[in-house]
Amino acid sequence: MVSITGKSRSFVLLLLSLPQSIFPPLPLFFFTVITPRPPRLRSIPHTTGPLFEHQPFIVSWNIPGLVCNRYNISLDTSPFKGVATPAKVPGQFLSLFYTDRLGLYPHIDLTSRKQFYGGIPQRGNLKASMNKARADINYYIPSNRGLAVIDWEEWRPLWDRNWGTKKIYQTLSVAHVMKTNRSLTMQQATEKAKQQFQLAARSLMSGMLAMGRAMRPNYLWGFYLFPNCYNYGWLEPHYTGRCSKEVRMQNDELLWLWESSTALYPSVYLQASLADNPRAALMVRNRVQEALRVSTLPRRSGTAPVFVYMRPVFVDQNRRFLSQGDLVSTIGESAAVGASGAVLWGASADYDDQASCESLSSYLSSTLNPYVTNVTVAAQLCSNFLCQGNGRCVRKNYNSNHYLHLNPENFRVLYIRKRYLVLGRPNFADLKTLSRRFTCQCYKGLRWGIVFPSFTISL
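Here the working numbering is used: the first residue of the sequence shown is -1, the next is one more, and so on.
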């Protein structure tokens, strides 16, 4: 047994990806410097505790690896908490329910115009859909805990948000009303169709979440892409990234969805026009901030956690990986403003040959894994210091450019024996910087502490 003390060591080892049983209870950090007193906590609603103890921010892997396995190309996912594939595989940490995997989802194939299960929500069979959903949940989620994400993108539950190709749902809804009552004017039929559509959409979506919560309460249930901010237009000269007042009001109308969800899953996929562009950070922080805002709307004891969907490649250039600066704008932003985690998703088309798999493997070792390690450890350090492990660190000013990063002068991220570890310790200036830039959001049922003694870690 090796005892790490202030007299015998000038650094602390944080061994990641090792069995937690070899570690003593947290705090995992050791330093003997006199720490600055954390600031008084501003009023922030308590939030649901982390899925993994002492892990205030996690990054999960949801990228298919079948093709890479065929080529015997190894993908090192050791820094990730929860490794899953989007494929139809039961018993995963992250269960992703596409349109054909949960219930009987009414929708229209825009190419063939074929209608499935009634086509529009108000023509769907809710009882039959719930019965099938029960069997689907039993199959895909046998037990344990994790994330349950419903990915239904064909229509949106608010009538006014079905624009573009989704306008067909409005057209068919109006036709459905006119078919049963031809005496109505177009305005009357449209208003009635809107009411029917939104009520049916709410019943279906909230019903799925209620069933999921009842059957698998240890999973965090929510819909992918909700909430959305619609803060496009980043090429405009005065882009701020802020969600419009209209969008915020519409999101307020979805209170029933936030009340039914036990997690929120917004998306911050980047287009190539945002590569190494500071406006990427503006887009991301405001989408995550909107998710954090709506999570406070339900009257519950703790806000729902936010897990942010992102991709390691650009949406419109899927052979081009995000740079470290882009990772700061996505993963780094999400951690700094108070998200509980990020989900790295990938399409099968992103990694469908030997070259793309080799590129992904190289990208993991050179760029992505060191950054994920850096941010997750920095989030732990800040949580232990500012919150005594009872909460997660949140920017005092959400619109600042302050991040949860380890000081490169005092820390090194290393890869030894197929494991990532961090060497270093925070100094007085590091801790003072954290206390000046961040505050603590406590976990539900826990309190914020300010006494921070010295610790010894035995390995």
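Each residue gets a CB set at the ideal place from its N, CA and C atoms; glycine is no exception.
Opposing strand residues paired with residue i [DSSP bridges]
i	result
Arg390	Gln439
Met308	Leu342
Tyr263	Tyr222
Val81	Trp59
Ile148	Phe95 and Phe221
Phe319	Val311
Gln113	Ile106
Reference residue i; option with closest CA among the options
i	options	result
Val335	Phe55, Thr46, Gly47 and Ala173	Phe55
Val282	Val304, Thr183, Gly300 and Cys380	Val304
Cys380	Gly239, Phe436 and Thr365	Phe436
Ile118	Gln352, Phe409, Lys164 and Thr301	Lys164
Arg240	Leu362, Asn284 and Ser258	Asn284
Ser258	Gln248, Trp219, Thr45 and Thr294	Trp219
Gln193	Gln168, Gly210 and Arg180	Gln168
Pro104	Ile139, Gly80 and Glu151	Glu151
Gly330	Lys86, Ala279 and Phe195	Ala279
Asp74	Gly443, Cys355 and Thr374	Cys355
Gln53	Ser72, Ser204, Val370 and Ala198	Val370
Asn67	Gln378, Ser346 and Val411	Ser346
Leu404	Val375, Val87 and Phe383	Val375
Phe91	Tyr396, Leu49 and Tyr115	Leu49
Pro235	Leu255, Thr294 and Pro276	Pro276
Tyr396	Glu288, Leu100, Phe114 and Trp153	Glu288
Gly80	Asn129, Leu145, Phe114 and Tyr69	Leu145
Trp343	Gly205, Pro84, Thr45 and Lys112	Pro84
Leu272	Phe319, Thr260 and Thr294	Phe319
Ser204	Leu429, Ala131 and Gln378	Ala131
Ala198	Tyr69, Leu290, Val311 and Ser127	Ser127
Ile414	Thr188, Ser76, Tyr69 and His44	Ser76
Gly63	Asp348, Thr183 and Gly101	Asp348
Leu421	Thr188, Glu407, Asn160 and Leu362	Glu407
Residue i, DSSP secondary structure in three states
i	result
Gln90	coil
His105	strand
Thr45	strand
Tyr137	helix
Thr75	coil
Thr301	strand
Glu51	coil
Ile166	helix
Pro368	helix
Asn458	Summary: the structure shown does not reach residue 458, with the chain confined to residues -1 through 457, and so no result is reported for it.
Arg285	helix
Pro119	helix
Ala337	coil
Arg68	helix
Thr33	Confidence is the limiting factor: at Thr33 the pLDDT is only 43, short of 50, which leaves the residue's position unreliable and the question unanswerable from this model.
Glu407	coil
Gly239	coil
Trp256	helix
Trp157	helix
Ser332	helix
Ala173	helix
Asp348	helix
Ser327	helix
Thr183	coil
Asn249	helix
Pro296	coil
Asp428	helix
Asn142	coil
Ser359	helix
Ser271	helix
Ser398	coil
Val373	helix
Leu290	helix
Leu460	Lying outside -1 to 457, the shown extent of the chain, residue 460 is not represented and no answer is given.
Leu280	helix
Lys130	helix
Cβ-Cβ separation, residue j to residue i (assumed contact under 8 Å), whole Å
i	j	result
Leu94	Val147	5 Å
Asn60	Arg143	About 16 Å separates the two Cβ atoms, so there is no contact after all.
Asp149	Tyr96	5 Å
Val57	Ala340	5 Å
Val292	Asn249	5 Å
Ser332	Asp274	Actually they are not in contact, since the Cβ atoms of Ser332 and Asp274 sit about 18 Å apart, beyond 8 Å.
The ligand ATP heavy atom lying under 7 Å from the CB of residue i
i	result
Glu407	Within the structure as shown, the ligand ATP is missing, as the structure has no ligands at all.
CB contact check: residue i to chain B, cutoff 8 Å
i	result
Leu252	Protein chain content of the structure displayed is limited to a single chain, and chain B is not contained in it.
Would you mind listing the beta strand (DSSP E) stretches within the segment 185 to 237 that are 3+ residues and don't spill past its ends, in chain order? Counting whole runs of 3 or more residues, the segment 185 to 237 contains the beta strand (DSSP E) stretches 217 to 221.
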